[in-house]
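2 protein chains.
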Amino acid sequence: MAAELDKTDFKILKLLQENGRITNLLLSQEIGLSPAPTLERVRKLEMSGYIKSYHALVDEEKLGLGIKTFIQVQLDFHKNNTIQIFLDEVNQIKEVTECHHVTGQADFLLKVYVNDIKSYERLIMDKISKISVVKTFQTMMIMSTTKKEPIVPLEY
Amino acid sequence: MAAELDKTDFKILKLLQENGRITNLLLSQEIGLSPAPTLERVRKLEMSGYIKSYHALVDEEKLGLGIKTFIQVQLDFHKNNTIQIFLDEVNQIKEVTECHHVTGQADFLLKVYVNDIKSYERLIMDKISKISVVKTFQTMMIMSTTKKEPIVPLEY
DNA sequence: AACTTTTTTAGAATAAAATTTGGTAATTAA
DNA sequence: TTAATTACCAAATTTTATTCTAAAAAAGTT
Chain U
1 MAAELDKTDF
11 KILKLLQENG
21 RITNLLLSQE
31 IGLSPAPTLE
41 RVRKLEMSGY
51 IKSYHALVDE
61 EKLGLGIKTF
71 IQVQLDFHKN
81 NTIQIFLDEV
91 NQIKEVTECH
101 HVTGQADFLL
111 KVYVNDIKSY
121 ERLIMDKISK
131 ISVVKTFQTM
141 MIMSTTKKEP
151 IVPLEY
Chain E
1 MAAELDKTDF
11 KILKLLQENG
21 RITNLLLSQE
31 IGLSPAPTLE
41 RVRKLEMSGY
51 IKSYHALVDE
61 EKLGLGIKTF
71 IQVQLDFHKN
81 NTIQIFLDEV
91 NQIKEVTECH
101 HVTGQADFLL
111 KVYVNDIKSY
121 ERLIMDKISK
131 ISVVKTFQTM
141 MIMSTTKKEP
151 IVPLEY
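The following block contains the structure:
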């Protein structure tokens with residue numbers, strides 16, 4: 001397998017990011033190849049891990065997930081496996097959809113989806129603040145999201 | 001069009017979030033219906049906007065996007081259309097893949113992808129800090145991401 | 001409770017797309 | 001230059017999506 005991707009591969013990645021359900025036929029026409037080698041390239045991109053997976057994007061608000069927040073978490077590093085303890089706990093909370101280890105005042109940035117304020121309170125009271133290594137946390141409620149590209153900016 | 005979704009619809013949403021390229025045949029087997037009504041339900045979910053779109057998820061690191069950050073931005077509200085000015089500028093920056101209007105000390109939280117530190121510096125110097133209404137900003141570099149569900153937590 | 005209307009479904013037929021196959025041109029390595 | 005590898009296309013085959021029809025189920029009405 002060639003290590004490098006060529007322009008055609010980048011085009012494929014761009015198109016599949018934009019429309020994950022484009023047919024192989026259409027895709028082949030867009031990139032200027034016939035269906036067979038197009039499919040072969042897509043399979044290679046999947047096998048080699050450049051394409052990790054495919055997902056439907058749903059409308060969260062329509063589904064009643066009214067509250068979206070980011071939570072900045074600061075940890076208490078008394079124990080030497082503080083981070084692992086935190087991650088083990090956080091990974092079990094289904095409302096937490098993202099968990100990033102970051103630089104700056106906070107140690108972690110979490111993204112959280114809940115139905116309403118009551119659910120948010122329960123999440124904070126019963127789950128986040130119960131994690132032993134959590135020192136402090138600050139909530140950023142998302143009032144609106146004006147940009148959310150499901151697409152990563154690629155060259156070419 | 002019925003306003004409410006039933007259990008079968010939620011199952012479909014869950015499965016399509018997990019695998020956006022599942023065939024209609026497989027999907028129908030998973031939810032226990034025949035292909036025809038399954039497809040009809042999927043189309044309804046698409047038409048009514050519960051499903052917004054489909055996307056391939058790519059491996060950012062393999063593609064050379066080595067730097068991912070969140071930037072907290074505080075605005076200077078001297079003008080009365082401060083927010084609109086900010087949004088207009090930010091929407092033109094392709095490295096900014098997310099833009100959230102949030103509560104707390106910061107006004108906006110941005111997610112940014114760049115190739116390397118040099119690119120990051122250019123982004124900051126030439127773009128972010130050039131926006132007239134930006135008062136201050138703070139960077140959180142993402143060192144690692146331990147959880148990133150492309151899936152929204154649904155009931156049922 | 002019987003009837004009507006509406007909705008949902010399965011199954012068959014058709015259309016479209018994916019996938020495989022075989023062979024050829026182009027590129028790379030020896 | 002030759003051999004080997006790779007990438008490609010065109011056509012055949014298989015699989016899947018889609019449409020259509022009619023039956024069943026559910027909901028509402030008299």
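These protein sequences, in sequence, are chains U and E.
Just so it is clear: in the first sequence, position 75 is 75 by full-length UniProt numbering, and no numbers are missing.
Just so it is clear: in the second sequence, position 63 is 63 by full-length UniProt numbering, and no numbers are missing.
The beta carbon of each residue, even a glycine, is placed where N, CA and C say it ideally should be.
Could you check if residue i is buried or exposed, using at least 16 other CB atoms within 10 Å of its CB as the buried criterion?
i: His78 (chain E); result: exposed
i: Asp6 (chain E); result: exposed
i: Ala2 (chain U); result: Confidence is the limiting factor: at Ala2 (chain U) the pLDDT is only 41, short of 50, which leaves the residue's position unreliable, though a coordinate-based value still follows. Ala2 (chain U) is exposed by the Cβ-count criterion.
i: Lys111 (chain E); result: buried
i: Asp9 (chain U); result: buried
i: Thr23 (chain E); result: exposed
i: Glu61 (chain E); result: exposed
i: Asp107 (chain U); result: buried
i: Met125 (chain E); result: exposed
i: Glu121 (chain U); result: exposed
i: Ser34 (chain U); result: exposed
i: Leu123 (chain U); result: buried
i: residue 181 (chain E); result: Here chain E comprises residues numbered 1 to 156, so residue 181 (chain E) is not present and cannot be evaluated.
i: Gly20 (chain E); result: buried
i: Met140 (chain E); result: buried
i: Lys94 (chain U); result: exposed
Just verifying my parser: in three-state terms, what is the DSSP assignment at residue i?
i: Lys147 (chain U); result: strand
i: Ser53 (chain U); result: strand
i: Gln84 (chain E); result: helix
i: Glu61 (chain U); result: coil
i: Gln138 (chain E); result: strand
i: Lys118 (chain U); result: helix
i: Ala2 (chain U); result: Reliability of the predicted coordinates at Ala2 (chain U) is poor, the pLDDT of 41 falling under 50, and the value obtained from them is presented with this limitation in mind. DSSP places Ala2 (chain U) in coil when its eight states are reduced to three.
i: Lys130 (chain U); result: helix
i: Leu123 (chain E); result: helix
i: Ile71 (chain E); result: strand
i: Ser28 (chain U); result: helix
i: Thr23 (chain U); result: coil
i: Val152 (chain E); result: coil
i: Ala106 (chain E); result: coil
i: Gln17 (chain U); result: helix
i: Leu33 (chain U); result: coil
i: Lys44 (chain U); result: helix
Using a C-beta to C-beta distance shorter than 7 Å, which residues of chain E count as neighbours of residue i?
i: Met141 (chain U); result: Val102 and Thr103
i: Leu109 (chain U); result: Phe70 and Met140
i: Lys94 (chain U); result: Pro153
List the residues of chain U whose Cβ lies closer than 8 Å to the Cβ of residue i, in chain order.
i: Thr145 (chain E); result: Glu98, Cys99, His100 and His101
i: Ile71 (chain E); result: Per Cβ cutoff of 8 Å: no residues; Ile71 (chain E) is ~10 Å from chain U at best.
From the DSSP output, read off the bridge partner residues of residue i.
i: Phe10 (chain U); result: DSSP output for Phe10 (chain U) lists no bridge partner at all.
i: Lys111 (chain E); result: E:Phe70 and E:Glu98
Cβ closer than 9 Å: which chain U residues qualify as neighbours of residue i?
i: Ser129 (chain E); result: By Cβ distance, chain U contributes nothing, its closest Cβ being about 18 Å from Ser129 (chain E), past 9 Å.
i: Asn91 (chain E); result: Thr146 and Lys147
i: Asn19 (chain E); result: Ser53, Tyr54, His55 and Ala56
i: Leu13 (chain E); result: Ala56, Val58 and Leu63
Give me the chain E residues within the contact set of residue i, using Cβ-Cβ distance strictly less than 8 Å, ordered along the chain.
i: Ala106 (chain U); result: Met140
Taking Cβ-Cβ distances shorter than 7 Å, what residues in chain U pair up with residue i?
i: Tyr113 (chain E); result: Val152 and Pro153
i: Arg43 (chain E); result: Chain U residues near Arg43 (chain E): none, gap ~12 Å exceeds 7 Å.
i: Gly49 (chain E); result: Asp59 and Lys62
i: Leu87 (chain E); result: Thr146
i: Leu65 (chain E); result: Val152
With a threshold of 8 Å, are at least 3 pairs of Cβ atoms found where one atom belongs to the segment 131-141 of chain U and the other to the segment 67-76 of chain U? yes
Taking 8 Å as the cut-off, does the segment 46-57 of chain E touch the segment 112-121 of chain U (at least 3 CB pairs, one atom from each stretch)? no
Three Cβ pairs or more, each shorter than 8 Å: is that satisfied between the segment 92-102 of chain U and the segment 147-156 of chain E? yes
Say whether the segment 28-41 of chain U touches the segment 33-42 of chain E, bearing in mind that this needs 3 or more beta-carbon pairs closer than 8 Å, one atom from each stretch. no
Would you check if there are 3 or more beta carbon pairs closer than 8 Å linking the segment 53-70 of chain U to the segment 10-19 of chain E? yes
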